[in-house]
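Chain order of the listed sequences is L and E. According to this note's numbering, the residues represented by the first sequence are 45 to 332, in order. According to this note's numbering, the residues represented by the second sequence are 43 to 336, in order. For reference, the structure discussed in these notes is given below.
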Amino acid sequence: MSGTGLQNTFLAQREEINQRHATILRPVWRGLIGPVLVVTTMIILFCLGLWELGFSFEKIINGGDQLWVILGVMLPPNPETWSRALLYINAMVETVGIAFLGTLGAAILAFPFGFLAAKNVMPNWLVHVVSRRLFDTMRGVDILIWALIWINVVGLGPFAGVMAMMCADFGAFAKLFSEAIETADRRPVEGVIAAGGSELMAVRYGILPQVLPVILSQMLYYFESNTRSATIIGIVGAGGIGLHLSEMIRTVEWQQVSFIIVLMLIVVSAIDWLSTKLRLAVIGQRAH
Amino acid sequence: MAKTVTNTETARMAELLSGYARAVDARRLRTLQGAALVVVLILVAAWSAEVRPITLFNKIGALTNYLGGTLKLDSGQHVWEDPVEWFWGLGKWLRLLGETLIMAYVGTLTGALIAFILCFTACSNLVRDHRVVFVMRRLLEFGRTVPDLVFALIFVYTFGLGPIPGVMAIAIHTTGALGKLFSEVVENIDMKPVEGITASGGSWVQAIRFAVLPQVQSNFLSYALLRFEINVRGAAVMGFVGAGGIGDELIVSIRKFYNSDVSAILVLIIATVMLIDYLTELARHRLIGAQVRT
Numbered sequence: 045m046s047g048t049g050l051q052n053t054f055l056a057q058r059e060e061i062n063q064r065h066a067t068i069l070r071p072v073w074r075g076l077i078g079p080v081l082v083v084t085t086m087i088i089l090f091c092l093g094l095w096e097l098g099f100s101f102e103k104i105i106n107g108g109d110q111l112w113v114i115l116g117v118m119l120p121p122n123p124e125t126w127s128r129a130l131l132y133i134n135a136m137v138e139t140v141g142i143a144f145l146g147t148l149g150a151a152i153l154a155f156p157f158g159f160l161a162a163k164n165v166m167p168n169w170l171v172h173v174v175s176r177r178l179f180d181t182m183r184g185v186d187i188l189i190w191a192l193i194w195i196n197v198v199g200l201g202p203f204a205g206v207m208a209m210m211c212a213d214f215g216a217f218a219k220l221f222s223e224a225i226e227t228a229d230r231r232p233v234e235g236v237i238a239a240g241g242s243e244l245m246a247v248r249y250g251i252l253p254q255v256l257p258v259i260l261s262q263m264l265y266y267f268e269s270n271t272r273s274a275t276i277i278g279i280v281g282a283g284g285i286g287l288h289l290s291e292m293i294r295t296v297e298w299q300q301v302s303f304i305i306v307l308m309l310i311v312v313s314a315i316d317w318l319s320t321k322l323r324l325a326v327i328g329q330r331a332h
Numbered sequence: 043m044a045k046t047v048t049n050t051e052t053a054r055m056a057e058l059l060s061g062y063a064r065a066v067d068a069r070r071l072r073t074l075q076g077a078a079l080v081v082v083l084i085l086v087a088a089w090s091a092e093v094r095p096i097t098l099f100n101k102i103g104a105l106t107n108y109l110g111g112t113l114k115l116d117s118g119q120h121v122w123e124d125p126v127e128w129f130w131g132l133g134k135w136l137r138l139l140g141e142t143l144i145m146a147y148v149g150t151l152t153g154a155l156i157a158f159i160l161c162f163t164a165c166s167n168l169v170r171d172h173r174v175v176f177v178m179r180r181l182l183e184f185g186r187t188v189p190d191l192v193f194a195l196i197f198v199y200t201f202g203l204g205p206i207p208g209v210m211a212i213a214i215h216t217t218g219a220l221g222k223l224f225s226e227v228v229e230n231i232d233m234k235p236v237e238g239i240t241a242s243g244g245s246w247v248q249a250i251r252f253a254v255l256p257q258v259q260s261n262f263l264s265y266a267l268l269r270f271e272i273n274v275r276g277a278a279v280m281g282f283v284g285a286g287g288i289g290d291e292l293i294v295s296i297r298k299f300y301n302s303d304v305s306a307i308l309v310l311i312i313a314t315v316m317l318i319d320y321l322t323e324l325a326r327h328r329l330i331g332a333q334v335r336t
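Next comes the structure, spelled out in structure tokens:
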């Protein structure tokens with residue numbers, strides 16, 4: 045009885061309810077127009093892209109066949125001689141060395157610039173804007189391009205790789221550091237100033253203790269990802285394992301290629317594990 | 043009476059002060075130990091990476107010379123005095139830049155779709171079988187640890203020179219990177235809607251469609267956009283190994299010392315990267331805004 049009563053009340057007020065909750069009660073397809081349009085455009089762009097880049101079934105199948113053959117030849121990974129294995133391990137140590145020095149050097153260089161680009165430390169907006177654009181420009185140039193430039197300056201070898209990594213990461217670090225400084229709590233700074241400290245003291249005792257853990261954890265994170273990039277700069281001749289890898293691919297020594305790749309996987313996951321451990325120790329388990 | 047009180051207070055004060063001094067000393071010692079370790083590591087790394095500060099000091103002029111040289115035309119004029127001559131190959135370069143962007147787009151979309159399909163099998167909260175999760179995670183790790191240029195080198199050998207190996211390398215690397223991020227997002231969802239769907243008889247796919255997807259879609263899109271930005275940079279250097287895009291033109295002009303071309307192409311690449319950064323950031327802010335509103 046009350047059921048039919050409720051129904052009647054609803055039917056009587058139907059128009060009014062429809063008007064009141066227009067956005068909720070409108071037909072479902074209306075909310076879908078936008079997404080469907082976007083998805084259709086994306087698919088059309090994708091197909092046009094495939095066509096423009098010259099994709100064809102024939103090429104994919106032929107290449108896939110050959111890839112399958114190569115994968116078969118790659119197994120098992122085999123460096124052939126002990127001296128070659130030692131050479132690759134040595135190159136891997138060099139790779140980690142490049143990543144370590146590049147990350148540390150970039151962070152040390154970027155540290156003062158981080159303060160320069162932080163709004164709360166540097167009130168002059170011109171300095172702030174100009175330094176931000178400079179960082180963006182350096183970040184926009186890929187590490188391989190920096191490596192090519194540095195090879196022209198200091199010659200082939202891992203040193204060019206270290207300098208390239210410093211240049212490529214300098215922009216990224218300076219930006220991250222300045223963001224960390226900008227989000228620091230203002231109250232410790234005010235406290236130091238109120239107790240009669242100078243501006244420099246405010247930075248040293250008010251801001252630095254807050255940002256140092258953030259900076260350290262970002263450095264560790266970058267060290268890990270830089271180990272990955274350090275493995276490829278050898279392709280253009282800037283030291284590390286990449287040189288041997290590209291050489292072995294060019295001379296179609298597939299078993300050695302797979303040995304080098306396995307070596308890379310092991311070292312990168314070891315660094316990954318180590319940097320995660322250290323990062324948690326630096327910022328504390330909770331803040332993770 | 044008053045004297046004894048003062049005495050105990052001084053004694054207590056001295057105790058506290060020496061305790062403080064000891065604590066500070068202990069901390070300083072630890073910092074020193076850490077610093078010593080870092081210095082040793084630096085020396086080992088510097089020896090291994092053949093760091094030569096003296097060469098750098100002597101040759102630093104060569105860097106400024108080189109960078110300055112890229113801003114000079116063959117006629118000896120500065121590039122900004124004759125921009126038409128500087129950008130003489132603009133049409134060709136823009137076409138190659140377009141190809142680079144298409145490579146990044148197709149590679150990112152393919153990789154993101156595969157990652158989207160695979161990520162649900164790599165989450166411990168949706169898949170009961172630990173072996174499946176373990177295998178999927180290792181697979182994704184492989185895809186993201188091997189650099190995209192290494193994949194590109196191998197694919198250039200099998201698929202031939204051109205953008206196809208570049209796109210496939212980007213797609214595989216993107217699958218690995220996004221698959222990990224996606225599955226981490228899914229592992230942090232609220233499980234109650236999933237339990238609700240399962241309890242009312244929904245299948246695994248239905249649970250993902252109606253319980254998981256609404257919680258994760260904006261995060262997924264935001265990560266995919268971020269990846270697109272990274273892949274544009276990656277696609278710009280694919281040409282270094284013959285895998286299409288503007289990189290081929292750039293490495294040729296660097297190797298053959300076509301100095302003004304180097305700066306012109308770099309300016310184009312940097313401008314494109316900045317534009318893409320700006321656009322994706324805009325899109326991501328809109329996404330996050332939309333998420334907050336609903």
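Using N, Cα and C, we set each Cβ at its ideal position, and we do this for glycine too. Predicted, not measured: the structure shown is a model, and the values here were computed from it.
Reduced DSSP category for residue i - H, G, I as helix; E, B as strand; rest coil
i, result
"Lys219/L", "helix"
"Lys298/E", "coil"
"Phe114/E", "The identity of residue 114/E in the sequence shown is Lys, whereas the question assumes Phe. Lys114/E falls in the strand class under three-state DSSP."
"His65/L", "coil"
"Ala56/E", "helix"
Chain-ordered chain L contacts of residue i [CB-CB under 9 Å]
i, result
"Glu123/E", "Ordered by position in chain L, no residue passes the 9 Å Cβ test against Glu123/E, which lies about 22 Å from the chain."
Beta-carbon contacts of residue i that lie in its chain and below 7 Å, excluding the five residues immediately before and after
i, result
"Gly281/L", "Ile195, Leu200, Leu287"
"Ala228/L", "Ile251, Gln254, Val255"
"Leu160/L", "Met166, Val171, Ser175"
"Met263/L", "Thr147, Ala151"
Proximal residues to residue i (C-beta, below 8 Å), its chain only, five neighbours per side dropped
i, result
"Tyr265/E", "Leu220, Leu223, Phe224, Val227"
"Trp135/E", "Phe129, Ile288, Glu291, Ala306, Ile307, Leu310"
Interface residues of chain E facing residue i [CB-CB closer than 9 Å]
i, result
"Leu131/L", "Ordered by position in chain E, no residue passes the 9 Å Cβ test against Leu131/L, which lies about 13 Å from the chain."
"Gly107/L", "Phe197, Thr200, Phe201, Gly202, Ile206, Pro207, Met210"
Cβ shell of residue i (< 6 Å), same chain only, five flanking positions each side left out
i, result
"Gly204/E", "Gly286"
"Glu57/E", "none"
"Ala277/E", "Thr142, Met145, Ala146, Gly287"
"Ile276/L", "Gly286"
Contacts that residue i makes with chain L (C-beta to C-beta distance below 8 Å)
i, result
"Val188/E", "Ile305, Met308, Leu309"
"Tyr147/E", "Leu89, Phe90, Gly93"
"Leu98/E", "Val198, Phe203, Met207"
"Leu308/E", "Val185, Ile189"
"Leu151/E", "Met86, Phe90"
Contacts that residue i makes with chain L (C-beta to C-beta distance below 7 Å)
i, result
"Met316/E", "Asp180, Gly184"
"Ile144/E", "Gly93, Glu96, Leu97"
"Ile312/E", "Thr181, Gly184, Val185"
Interface partners of residue i on chain E, CB under 8 Å
i, result
"Gly144/L", "This sequence places Phe at residue 144/L; Gly is not what is there. Within chain E, the residues near Phe144/L are Leu83, Ile84, Ala87."
"Ile237/L", "By Cβ distance, chain E contributes nothing, its closest Cβ being about 24 Å from Ile237/L, past 8 Å."
"Leu259/L", "One detail in the question is off: residue 259/L reads as Ile in this sequence, not Leu. Within chain E, no residue comes near Ile259/L; the closest Cβ sits about 14 Å away, beyond 8 Å."
"Ile225/L", "By Cβ distance, chain E contributes nothing, its closest Cβ being about 20 Å from Ile225/L, past 8 Å."
Under 7 Å from the C-beta of residue i: neighbouring residues of chain E
i, result
"Ile138/L", "The sequence given here places Glu at residue 138/L; Ile does not occur at that position. Within 7 Å Cβ-Cβ: Ser90, Ala91."
"Ile293/L", "Leu195, Ile196, Tyr199"
"Val312/L", "Thr187"
"Lys103/L", "Phe201, Ile206"
Practice task
Mind checking the segment 59-90 of chain L against chain E and listing, in chain order, the residues whose C-beta falls within less than 8 Å of any C-beta there?
Solution key: Those would be Met86, Leu89, Phe90, in chain order.
Handout entry: Whole runs of the alpha helix (DSSP H) within the segment 178-234 of chain L, excluding any shorter than 4 residues
Key = Counting whole runs of 4 or more residues, the segment 178-234 of chain L contains the alpha helix (DSSP H) stretches 187-198, 202-226.
Handout entry: Interface positions of the segment 101-119 of chain E facing chain L (Cβ-Cβ less than 7 Å), listed along the chain
Key = Answer in chain order: Lys101, Ala104, Leu105, Tyr108.
Practice task
Mind checking the segment 73-96 of chain E against chain L and listing, in chain order, the residues whose C-beta falls within less than 9 Å of any C-beta there?
Solution key: Within the segment 73-96 of chain E, the qualifying residues are Val80, Leu83, Ile84, Val86, Ala87, Ala88, Trp89, Ser90, Ala91, Glu92, Val93, Arg94.
Problem - Interface positions of the segment 191-206 of chain E facing chain L (Cβ-Cβ less than 8 Å), listed along the chain - result: Those would be Leu191, Val192, Leu195, Ile196, Phe197, Tyr199, Thr200, Phe201, Gly202, Gly204, Pro205, Ile206, in chain order.
Practice task
Name, going along the chain, the residues of the segment 197-216 of chain L whose beta-carbon falls closer than 9 Å to a beta-carbon of chain E.
Solution key: Closer than 9 Å at the C-beta level to chain E, one finds these residues of the segment 197-216 of chain L: Val197, Val198, Gly199, Gly201, Pro202, Phe203, Gly205, Val206, Met207.
Problem - Residues in the segment 109-121 of chain L having any Cβ partner in chain E nearer than 7 Å - result: Taking 7 Å as the Cβ-Cβ cut-off against chain E, the residues of the segment 109-121 of chain L that qualify are Gln110, Leu111, Ile114.
Exercise for the section: Select from the segment 206-218 of chain E all residues with a C-beta closer than 9 Å to any C-beta belonging to chain L, and list them in chain order. Expected result: Taking a C-beta cut-off of 9 Å against chain L, the contacting residues of the segment 206-218 of chain E are Ile206, Pro207, Gly208, Val209, Met210, listed in chain order.
Exercise for the section: Check distances from the C-beta atoms of the segment 271-303 of chain E to those of chain L and list, in chain order, the residues that come in under 9 Å. Expected result: Only those residues of the segment 271-303 of chain E whose C-beta falls short of 9 Å from the nearest C-beta of chain L are listed: Arg275, Gly276, Ala278, Val279, Phe282, Val283, Gly286, Gly289, Leu292, Ile293, Ile296, Arg297, Phe299.
Exercise for the section: Ignoring anything shorter than 4 residues or poking outside the segment 261-319 of chain E, list the alpha helix (DSSP H) runs there in chain order. Expected result: Taken in chain order, the complete alpha helix (DSSP H) segments of 4 or more residues contained in the segment 261-319 of chain E are 289-297.
Problem - Secondary structure, alpha helix (DSSP H): runs of 4+ residues fully inside the segment 237-314 of chain L - result: Those alpha helix (DSSP H) runs which fall completely within the segment 237-314 of chain L and span 4+ residues are 252-274, 286-294.
Practice task
Can you give me, in chain order, the residues of the segment 271-290 of chain L that have a beta carbon less than 9 Å from any beta carbon in chain E?
Solution key: With the criterion set as a beta carbon lying under 9 Å from some beta carbon of chain E, the members of the segment 271-290 of chain L are Arg272, Ser273, Thr275, Ile276, Ile279, Val280, Gly283, Gly284, Gly286, Leu289, Ser290, in sequence order.
Practice task
Taking only beta carbons into account, state which residues of the segment 168-186 of chain E come closer than 9 Å to chain L, listed in chain order.
Solution key: Of all residues in the segment 168-186 of chain E, only Glu183, Phe184, Arg186 come within less than 9 Å of chain L when Cβ atoms are compared, listed by chain position.
Exercise for the section: Scan the segment 141-167 of chain L for residues whose Cβ lies nearer than 8 Å to a Cβ of chain E and list them as they occur along the chain. Expected result: Per Cβ criterion, the list reads Gly141, Ile142, Phe144, Leu145, Leu148.
Practice task
Tell me the start and end of each unbroken alpha helix (DSSP H) in the segment 79-146 of chain L that is at least 4 residues and wholly inside, in chain order.
Solution key: 101-118, all fully within the segment 79-146 of chain L.
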